[in-house]
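Numbering (the working numbering), first residue to last: 199 to 702.
Yeah, the Cβ is synthetic: ideal placement off N, Cα and C, and Gly gets one too.
Fair warning: this is a prediction, and the values are worked out from it, not measured in the lab.
Notes for the one structure printed next.
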């Protein structure tokens with residue numbers, strides 16, 4: 199990184215992108231999928247390949263899963279179809295989205311940091327949060343790419359006098375809406391609000407709403423219209439569960455307290471943007487930056503960042519990666535603040551040290567099972583190895599003497615990441631559940647155990663549960679005319695198979 203400071207600007211840009219490629223793709227496929235999040239996202243994408251249905255989204259063939267729109271699932275399914283059933287293929291779309299953001303910041307960096315146009319991209323590529331998120335299976339990195347793409351199109355249209363790029367902005371926001379739904383509208387609102395405030399700017403181009411809004415509606419809402427018509431009751435789920443409950447209730451239990459936003463997003467921004475933001479704040483204070491004196495480009499970034507933070511603070515469902523799309527404008531602001539500041543060896547060394555720590559963490563997580571073997575038992579037990587779906591798959595293969603076609607979790611958290619390794623469907627059953635009250639999407643279970651036992655007398659299934667559930671399961675199995683057989687244990691769970699007597 200220090201060498202790039204002495205290169206001509208095009209070479210520096212190349213060096214920044216090469217650095218981003220190396221840090222993003224390093225150990226991308228080494229670590230097993232972690233449940234619940236990586237397993238859930240990959241499982242829905244693999245259900246697309248299993249069913250051939252690219253419109254309706256399924257967690258299990260009996261359970262719809264519309265918690266997120268389809269773009270991320272489509273990208274993962276296409277990647278796995280092309281590159282095979284492996285972790286590399288599952289994580290590649292998120293990694294490419296991260297690299298796409300770096301490339302976009304390199305493209306528009308000259309409008310925000312003319313003396314160091316490559317600096318915002320370097321800042322973004324070395325943020326701890328963005329480096330870690332690039333290797334996770336999540337919708338937040340693709341969303342960040344889509345919103346940054348839309349923003350870049352707006353910047354090119356406005357500050358390079360290329361009005362047709364406004365249509366690219368509308369298409370980018372439509373892509374963002376198809377990636378994560380309403381959160382995509384936050385960035386669009388910021389652009390529209392600032393554009394209205396800047397009406398006195400003689401060079402302000404038209405937003406092309408007459409063409410752009412229909413383009414946004416067609417690209418962003420067509421899929422929603424199709425699935426709402428196809429699945430009655432889904433519109434109510436989208437409005438209430440995915441919008442109203444996330445904004446105004448604590449149903450999801452994600453830091454809904456009044457101070458939850460300060461805690462979650464304060465830590466996320468404070469730690470996730472190190473070591474750059476303290477230097478930028480110091481430079482900004484020296485320059486006496488004020489809103490009235492800010493340039494249009496600075497006001498644009500502050501509006502994007504400010505509107506986004508306000509909405510995320512007010513919403514009562516809060517997780518660290520929700521603010522990931524705000525790290526692109528944050529990187530541009532930091533690049534603008536530091537474009538004239540000295541980047542001496544001390545600062546370069548500090549940034550390199552933080553990046554090295556994050557890379558070290560990625561290596562540690564990639565080889566966590568091997569690390570656990572070298573640690574004392576008490577320390578190893580504290581590591582989150584139970585989340586590693588690959589480890590689960592390997593242990594199930596040892597315990598089960600036949601090819602697994604379906605893994606049924608009984609009154610337990612389903613390890614959906616097993617789908618990738620076993621190529622088996624994953625199901626979650628409830629002993630006392632009520633199928634009549636099962637919600638249309640994001641249901642707490644896929645089937646009721648008694649119904650499941652009678653409906654599918656397959657020999658390719660295994661049942662996984664806590665030991666305390668074993669006696670109840672055996673009773674239910676015998677009541678269904680099956681003979682339960684305990685095969686062994688995986689971690690702190692017991693594994694059962696069922697045998698059915700031959701028909702006379």
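In terms of Cβ geometry, residue 260 and residue 625 form a close pair [threshold 9 Å]. Separation of residue 333 and residue 289 (C-alpha to C-alpha, rounded to the nearest whole angstrom) is 6 Å. Here DSSP, grouped into helix, strand and coil, assigns residue 679 to coil.
When only Cα atoms are considered, residue 475 and residue 553 end up about 15 Å apart. When only Cα atoms are considered, residue 567 and residue 558 end up about 15 Å apart. With respect to residue 596, residue 660 sits apart: the two C-beta atoms are not nearer than 9 Å.
The Cβ-Cβ distance between residue 388 and residue 505 falls below 9 Å. Contact between the stretch 408-427 and the stretch 300-307 is absent: fewer than 3 CB-CB pairs across the two stretches fall below 8 Å. By the Cβ test, the stretch 253-269 is in contact with the stretch 359-376, since at least three Cβ pairs between them sit closer than 8 Å. Take residue 254, set aside five residues on each side of it, and the residues of its chain with a beta-carbon closer than 8 Å to its own are 262, 425, 428, 429, in chain order. For residue 616 and residue 473, the gap between their C-alpha atoms comes out near 38 Å.
Between the stretch 315-326 and the stretch 532-539 there are three or more C-beta pairs closer than 8 Å, enough to call the two in contact.
When DSSP states are grouped into helix, strand and coil, residue 640 belongs to the coil group. A distance of 9 Å or more separates the beta carbons of residue 639 and residue 225.
In terms of Cα proximity to residue 282, the closest of 692, 227, 325, 391 is 227.
Across the set 550, 670, 496, the C-alpha of 496 shows the shortest separation from the C-alpha of residue 529. The three-state secondary structure of residue 624, taken from DSSP, is strand. Checking the DSSP bridge columns, you'll see residue 663 partnered with 692. Burial state of residue 525 is buried, judged by a 10 Å Cβ sphere holding 16 or more other Cβ atoms.
Contact check for residue 627 against residue 598 fails: the beta carbons are separated by 9 Å or more. When the beta-carbon positions are compared, residue 249 and residue 274 stay at least 9 Å from each other. Relative to the Cα of residue 406, the nearest Cα in the group 391, 362, 392 belongs to 362.
In the three-state reduction of the DSSP assignment, residue 258 falls in the strand class. Just so you know, the alpha carbons of residue 278 and residue 242 end up roughly 12 Å apart. The beta carbons of residue 462 and residue 518 sit about 6 Å from each other, so the pair counts as a contact at 8 Å. Residue 592: member of the alpha helix (DSSP H) spanning 587-597, first to last residue. Within the DSSP bridge table, the entry for residue 605 names 624, 660 as partners. The stretch 293-300 makes contact with the stretch 339-353, as at least three CB pairs between them are under 8 Å. With a threshold of 16 other beta carbon atoms within 10 Å, residue 410 meets it and is buried. Between the C-alpha atoms of residue 419 and residue 650 there is a straight-line separation of about 36 Å. Exposed is the label assigned to residue 508, since fewer than 16 other Cβ atoms lie within 10 Å of its Cβ.
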